[in-house]
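Notes follow the structure.
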Amino acid sequence: MKEQLILLRNRERYDEGTYNPLDATQYLACDGFAGLKRALSMTSQEIIEEVKASGLRGRGGAGFPTWRKLQFTVGGDGVKYVVCNADEGEPGTNKDRVLLTVDPCAVFEGMAIAGKAIGAHYGYIYLRAEYRYMFDALKGAIQSCRDNNCLGKDIFGSGFDFDIELRMGNGAYVCGEETALFESIEGKRGEPRFRPPYPATYGLFGKPTVSNNVETLANLAPIFRNGAEWYASFGTEGSTGTKLFTVSGNIYRKGVFELPMGANLKELIYDFCGGIADGRQLLGVQTGGASGAIVNADQIDVALDIDHVSASGGRLACGTIMVYSDKNCIVDVLRNDLDFFREESCGQCTPCREGTFELYRLVSKIAKGQGSVADLDTIEELCEVMKNTSLCGLGVSATVPVSTCISNFRGEFLKHIDGDYCPVCSLNGGKKA
0 MKEQLILLRN RERYDEGTYN PLDATQYLAC DGFAGLKRAL SMTSQEIIEE
50 VKASGLRGRG GAGFPTWRKL QFTVGGDGVK YVVCNADEGE PGTNKDRVLL
100 TVDPCAVFEG MAIAGKAIGA HYGYIYLRAE YRYMFDALKG AIQSCRDNNC
150 LGKDIFGSGF DFDIELRMGN GAYVCGEETA LFESIEGKRG EPRFRPPYPA
200 TYGLFGKPTV SNNVETLANL APIFRNGAEW YASFGTEGST GTKLFTVSGN
250 IYRKGVFELP MGANLKELIY DFCGGIADGR QLLGVQTGGA SGAIVNADQI
300 DVALDIDHVS ASGGRLACGT IMVYSDKNCI VDVLRNDLDF FREESCGQCT
350 PCREGTFELY RLVSKIAKGQ GSVADLDTIE ELCEVMKNTS LCGLGVSATV
400 PVSTCISNFR GEFLKHIDGD YCPVCSLNGG KKA
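In numbering that gives the first Met the number 0, the protein residues as written are 0 to 432.
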């Protein structure tokens, strides 16, 4: 297995110190903005058809086709916006930070292409609160693009105007949900909106808005630079292109890697990343961050593309791969995930506000050796309620690790219920409860 560097094509030069990603002239020198120049000569529908032909799907959530978001927002001559979601609040995720560090101009280029497609002349980048140290650097990179006529008025003499503004988040996980993000940019409390209306008709400041994450927008630059057919030659039929994977946990080689969609999870762990650290055995793997499915060691021979991961009960989403060895307790892993979600729920809707706390309470009860089989049934029923009635994706996402973990590691939960010895569980101290 080898990396396929498309989005991170300039990373090696950046690491060597021979490439300044904040200087638009250096990005231009390596064929940067070639995709935007091509898109500026195309109609809105031609741009959308090119994105459709590429097969690009969203790189931050459920893998929604990118061209559809653009198509939904086309029409009318009023004010429209392109929003780049750089909140990246999913635990274990690091790829948007790397991309904005190594090649931010590619993200700006993608936003401008999206703006040309829908007739928007203004974009916002919503930056994660923990990335405040990047704010001034990105602001300087945007100004460099303006100075080189890559952003701002009459881009490259085309008559098209597009500019970008940065906004800082305040550390709320729920603002990764696009309507909560809009509310935050508008200076309001970051809470999800009821739908309909949808962002394509009523988004940021009540105007039609296209919202995508950093990686999705960055993909537009190589698609228009090299063509949709070229891009679709990578990955799988249903999930084209490459994916940035953040690999962490009990594994030898950690980091952010760019691989073709459809890369095998087992090969990624044992061949590409060197296997489980410290001579331990693999316990489980979580794909998609804390909100992703947790699978056991017998279930890792799977293709890492949107559809295959979804079929396993999880989601590829942000591409976070968290590897757990047998020095961990899987019940404790799940309890830790739920501790995060109960703290991050905005509290606006009852299923999520109450459900996340109750799930944490029940799993903690089992981890302490005080639970019952009836508690497992209650957890599964509660997950169904939350999936069907939560206002936004936070309440739904919180149930994914719960349902998959109990299904794939039911024996471990039963051992804790029976009060069996757990050598690593942090709550019972490695003793019988």
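Positions of the beta carbon are idealized from the N, C-alpha and C atoms, including for glycine. Note that the structure is a prediction, hence the values are computed from the model and not measured.
- DSSP places Phe32 outside any beta strand (DSSP E), giving it a letter other than H or E.
- Taking a C-beta distance under 8 Å as the contact criterion, Ala397 and Leu358 qualify as a contact pair.
- The Cβ neighbour count for Phe193, taken over all protein chains shown within 10 Å, is under 16; the residue is labelled exposed.
- Assignment of Met321 by DSSP, reduced to helix, strand and coil, places it in the strand class.
- Of the candidates Asp160, Arg12, Ser183, Ser157, the residue whose Cα lies closest to the Cα of Gly168 is Ser183.
- Around the beta carbon of Cys424, 16 or more other beta carbons lie within 10 angstroms, which makes this residue buried.
- It is roughly 8 Å from the alpha-carbon of Gly370 to the alpha-carbon of His415.
- Under the Cβ criterion (8 Å, minimum of three pairs), the stretch 280-298 counts as touching the stretch 327-338.
- Taken atom to atom, the span from the alpha-carbon of Thr241 to that of Gly346 is near 36 Å.
- DSSP places Ile293 in the strand class (E or B) of the three-state scheme.
- Classified as exposed, Gln44 has fewer than 16 neighbouring CB atoms from the shown chains inside 10 Å of its CB.
- About 7 Å separates the CB atoms of Leu27 and Asn147; that is less than 8 Å, so the two are in contact.
- Judged by DSSP secondary structure, Glu190 falls outside any beta strand (DSSP E); it is assigned neither H nor E.
- According to DSSP, residue pairing for Arg56 in a beta bridge involves Pro64.
- About 11 Å separates the beta carbon of Met133 from that of Leu98, a gap too long to meet the 8 Å contact definition.
- Taking the C-beta atoms as reference points, Asp86 is found nearer than 8 Å to Arg127.
- Taking C-beta atoms as the reference points, Val101 and Asn211 fail to come closer than 8 Å.
- For Asn407 against Val301, the beta-carbon gap comes to about 12 Å, at or over 8 Å, which does not count as contact.
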